[in-house]
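Chemist:
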Amino acid sequence: MKKYIFITGATAGFGEATARIFAENGWNLILTGRRAERLESLKNELSKNKIDIVLLNFDVRSEDQVNQAVGSLSEDVKNNLAVLVNNAGLAVGRGSIDSGLTDDWDRMIDTNVKGLLYVTRAISPILKKNGCGHIVNIASIAGKEVYAGGNVYCATKHAVDALSRAIRMDLVHDNIKVSNIAPGAAETEFSMVRFKGDEQTAKNVYDGFDPLMAEDIADAVYYVCSRPKHVCINDLVIMPAAQASSTVFHKIH
Ligand code: NDP
Ligand code: 8X3
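Encoded structure:
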């Protein structure tokens, strides 16, 4: 098999786990993120699968960096590019709107919305030229519901949800599938980033119940990408069994 999957945010969490499951299934990988050393060590680990692994080190917030990175792909890789996973993203802070930090808001909007758009703008013409493809957007339960203190993060994930539906309409005539995956609480580096390195607060998020693991979402990404050609999984909401909504959890203490 010669197909390539392009994964944003492959240095941690869902993106890293997605790289692993696709590598185990013989896919070639284009792994991207800002932390170059993590990309290198993931490449070293996954090379045992006898696949081709391309590393692109860029910040999705920079349109120039995105275009330069995508432009550096060889014709052979571009001709075999089949899947884009728009996964890079983050929450920063969880405060009320009246005390929110506008720098945090900018980081979320620039990464989760504009970054996803820049990458999709750069990759979709390649898929279109190839005659088919699949875009998987990692949204969130925060794109289906809102919660107190979630304001800007929820807004960015509602935007991702809307973009998944709109991009599907734009690209349906080009045989490009679009899948939206909306996870609930998953224990990755997400909360450490959200709470700016405050380990205890990050840990408390997952206290008293079994959260999703990165592998649960990677498994879903692989599932949607391995359906028959005529089937598109449009939207998947995946929650821990102990989570009924953004704010309702069954906790054992
Ligand atoms: P992690 O923090 O573990 O991973 C986030 C990834 O995004 C990292 O690889 C990071 O790479 C990358 N990233 C962040 N900012 C940028 C940037 N500016 N440019 C390039 N890459 C960037 O979090 P998760 O794996 O949990 O999150 C992945 C996605 O899933 C996000 O979109 C998140 O919003 C969403 N999500 C997470 C949930 C959860 O509970 N964990 C639930 C629902 C959705 P690097 O820092 O090296 O650039
Ligand atoms: C991450 C899940 O509920 O913390 O997208 O917003 S939540």
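Position 16 of the sequence shown, counting from 1, maps to 1122 under the working numbering, and the rest follow consecutively. No residue lacks a Cβ here, since even glycine has one placed at the ideal position from N, Cα and C.
Any chance the CB of R1371 is under 6 Å from a heavy atom of the ligand NDP?
Modeler: Summary: the structure shown does not reach residue 1371, with the chain confined to residues 1107 through 1359, and so no result is reported for it.
Chemist: Starting from V1278, trace the alpha helix (DSSP H) both ways and give me its first and last residue.
Modeler: Careful: V1278 lies outside any alpha helix (DSSP H) and carries neither H nor E.
Chemist: By Cβ distance below 6 Å, which residues in the same chain neighbour G1121 in space, the five residues on each side in sequence not counted?
Modeler: So the qualifying residues of the chain are I1113, G1115 and N1193.
Chemist: Return helix, strand or coil for D1406, following the three-state DSSP convention.
Modeler: Past the boundaries of the shown model lies residue 1406; the chain is included only from 1107 to 1359, so the question cannot be answered.
Chemist: With H, G and I counted as helix, E and B as strand and the rest as coil, what does DSSP make of F1355?
Modeler: If DSSP states are grouped into helix, strand and coil, F1355 belongs with the strands.
Chemist: Less than 6 Å separating the Cβ of A1308 from some heavy atom of the ligand 8X3?
Modeler: No - the ligand 8X3 has no heavy atom lying nearer than 6 Å to the Cβ of A1308.
Chemist: Please return the same chain residues whose Cβ sits closer than 7 Å to the Cβ of Y1259, not counting the five positions on each side in sequence.
Modeler: The residues are A1197, M1214 and A1248.
Chemist: Out of H1240, A1129, A1118 and A1261, which has the shortest C-alpha to C-alpha gap to G1139?
Modeler: That would be A1118, whose Cα lies nearest to the Cα of G1139.
Chemist: Fully enclosed by the stretch 1205–1265, which alpha helix (DSSP H) runs are 4 residues long or longer?
Modeler: Runs found: 1208–1214 and 1222–1236.
Chemist: Return yes when at least one heavy atom of the ligand NDP lies under 6 Å from the C-beta of N1193, else no.
Modeler: Correct: N1193 has its Cβ closer than 6 Å to the ligand NDP.
Chemist: Report, in whole angstroms, the separation of the C-beta atoms of G1237 and N1281, which I expect to be a contact under 8 Å.
Modeler: Confirmed, about 6 Å.
Chemist: Since I believe L1137 is in contact with I1157 (beta carbons under 8 Å), could you give me their beta-carbon distance rounded to a whole number of angstroms?
Modeler: The Cβ separation is near 11 Å, so there is no contact.
Chemist: Taking DSSP as the reference, what is the three-state secondary structure of A1118?
Modeler: Here A1118 sits in coil by DSSP.
Chemist: Per DSSP, which one or two residues make a beta bridge with T1138?
Modeler: In the DSSP output, where bridge partners are listed per residue, T1138 has L1162.
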